[in-house]
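Numbering (this note's numbering), first residue to last: 73 to 529.
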């Protein structure tokens, strides 16, 4: 009996190892395909809006129209993602990792195929509709959470490695996308080549998912509830997710994620516009900046995340991430403002400073997001993590619905070269969240002490 148990355990370990390696590959491909578009999209929107206006608008009016259209595209994408995140979490429970992963990558391939033929803004918006299922990292997070049990440091390490796999693809993606779209001095190159390559990459992940990933439902083995996901209805699943989110030890962390997501959305929308419109970055330069941040995050996630969590704790690392993210937002605004002034710094110096600050900002955001995910997944049972992660992604996407609108409005109101309104808003939010985490930590310690006292009585 012991020998049979050992053989079953070995087979299960090997199967889990294969599934994890395939997940790493899929996440890297997913990031590569998605990030190929990022440095190109601002230029594509500018080109499409200019074409629709017949090029008759003034340069300032054209820039404002492009910024507004870019914000609307980001908001629409976030709205679609908001609907899809809880849906993918429920699909993980209902149809399993293999089928859900295949659906996710098939939807991604369809989105990129439509994008590759987007000759107007309407088609660009339509290309975002299939992204309702484009949540490969959610599947990766659920897999990591399942394999690590209740060990916070081990879970943080696993999530960090998943993020490293993402950032490997995301490091190459922006630089490659910018290179492919980089034309001569007078014009941008082929802005659709990256989308065509992304179709191929997503199709490869569909095949890998179907062949190698386990055909099992996420919560089946760990579920302690007598009612399975098959017996529950969709509405009941949504209610279950809401019940998890409103627990006293979960909702404060989700609130920090939501509000912090507002700052991330506002800053992430305005920065590419500032770099392209204020500092005249081309797709290659914008892609290089994005790739530098992703490379730093990959290295940090691979070697430094677990030691940092062990030393500072998840809450401490989250607070540190908020502080540095706010500081870097302010510093980036200083560089942009100085570079566009009459006595500004040189373009080469500005590029290097922007890269350095972007790296620090990306590392801070990564530390914050991973620490909060470690804390929230550690606050619920294994059978509830799929629903919680789906809800988290949905809430995180929801803030992106209005974040880009706020961002483009602040950016337009700031005047030429003025990124300060965006930076100060984001930094203020981050500072407020540091205080919120301190309050949450003190409250949690007080509740723990009270529970111990009552138990000793």
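Note that beta-carbon positions come from the ideal geometry of N, C-alpha and C, so glycine has one too.
Below 7 Å CB to CB, which residues in the same chain sit around residue 384 once its five sequence neighbours on both sides are set aside?
392
Give a yes or no on contact between the region 154–166 and the region 349–360, applying the rule of three or more CB pairs nearer than 8 Å.
no
Figure out for me which residue from 429, 112, 323 has the closest Cα to the Cα of residue 445.
323
Contact defined as beta carbons within less than 8 Å: I believe residue 236 pairs with residue 374. What is the distance between those atoms, to the nearest angstrom?
5 Å
Return the CA-CA distance between residue 118 and residue 321, expressed in angstroms with no decimal places.
45 Å
Give the range of the alpha helix (DSSP H) segment to which residue 319 is assigned.
Taken as a continuous stretch (DSSP letters only), residue 319 belongs to no alpha helix (DSSP H), as it is neither H nor E.
Can you check which of these residues, 450, 423, 459, 171, is closest to residue 283 by C-alpha distance?
171
Rounded to whole angstroms, what is the Cα-Cα separation between residue 531 and residue 335?
Because the chain spans 73 through 529 in this model, residue 531 falls outside it and cannot be assessed.
Report yes or no: do three or more beta-carbon pairs, one from the region 334–349 and one from the region 184–199, lie closer than 8 Å?
no
Closest to residue 354 by C-alpha separation, out of 111, 516, 141, would be which residue?
111
If you follow the alpha helix (DSSP H) that residue 357 is in, where does it begin and where does it stop?
355–375
Cutoff 8 Å; reference residue 136; Cβ partners in own chain excluding five residues on either side
484
Out of 344, 370, 466, which one is the CA nearest neighbour of residue 313?
466
Same chain, Cβ closer than 6 Å to residue 107, five either side skipped, listed in chain order:
242, 245, 246
Are at least three pairs of beta-carbons, each pair with one atom in the region 418–431 and one in the region 494–514, less than 8 Å apart?
no
Neighbourhood of residue 522 by C-beta, 7 Å cutoff - its chain only, sequence neighbours within 5 removed:
In this predicted model, residue 522 has a pLDDT of only 48, less than 50, meaning its place in the structure is not dependable; the value taken from the coordinates is given anyway. Hits under 7 Å: none found.
Where does residue 272 land, buried or exposed, given buried means 16+ other C-beta within 10 angstroms?
exposed
Given residue 297, which residues of its chain have a CB within under 6 Å of its CB, disregarding the five upstream and five downstream residues?
Low confidence applies here, because residue 297 scores a pLDDT of 46, under 50, leaving its location unreliable and the question unanswered by this model.
Please state whether DSSP places residue 531 in a helix, a strand or coil.
In the structure as shown, the chain begins at 73 and stops at 529. Residue 531 is therefore absent and cannot be evaluated.
Distance between residue 253 and residue 427 (C-alpha atoms, nearest Å)
20 Å
In the DSSP assignment, find the alpha helix (DSSP H) that holds residue 275 and state where it starts and stops.
265–284
What distance in whole Å lies between the Cβ atoms of residue 432 and residue 396, which are believed to be in contact at a cut-off of 8 Å?
6 Å
I'd like the span of the alpha helix (DSSP H) that includes residue 113, first residue to last.
113–124
Proximity of residue 341 and residue 479 at Cβ, strictly below 8 Å:
yes
Within 10 angstroms of the Cβ of residue 194, are there 16 or more other Cβ atoms? Answer buried if so, exposed if not.
exposed
C-beta contact flag for residue 250 and residue 356 at 8 Å:
yes
Give me the Cα-Cα distance between residue 277 and residue 105, rounded to the nearest whole angstrom.
11 Å
For the alpha helix (DSSP H) containing residue 432, name the first residue and the last one.
419–450
Taking a contact to mean a Cβ-Cβ separation below 8 Å, would you say residue 187 touches residue 275 in this structure?
no
Please classify residue 414 as buried or exposed, where buried requires at least 16 other C-beta atoms within 10 Å of its C-beta.
Per-residue confidence for residue 414 stands at a pLDDT of 47, beneath the threshold of 50, marking its modelled position as unreliable; the derived number appears in the next sentence. It is exposed - the Cβ of residue 414 has fewer than 16 other Cβ atoms within 10 Å.
Would you kindly work out how many angstroms separate the C-alpha atoms of residue 339 and residue 443, rounded to a whole number?
20 Å
Enumerate in chain order the residues of its own chain whose CB-to-CB distance from residue 533 is below 6 Å, with the five nearest sequence positions on each side excluded.
There is no way to answer for residue 533, as the model of the chain reaches only from 73 to 529.
Pick out whichever of 146, 386, 400, 441 has its Cα sitting closest to the Cα of residue 473.
146
Kindly indicate which residue of 239, 109, 191, 315 has the alpha-carbon position closest to the one of residue 456.
315
Shorter than 7 Å, the distance from the beta carbon of residue 174 to the closest heavy atom of the ligand MN, or not?
With respect to small molecules bound, the structure shown includes none, and the ligand MN cannot be examined in it.
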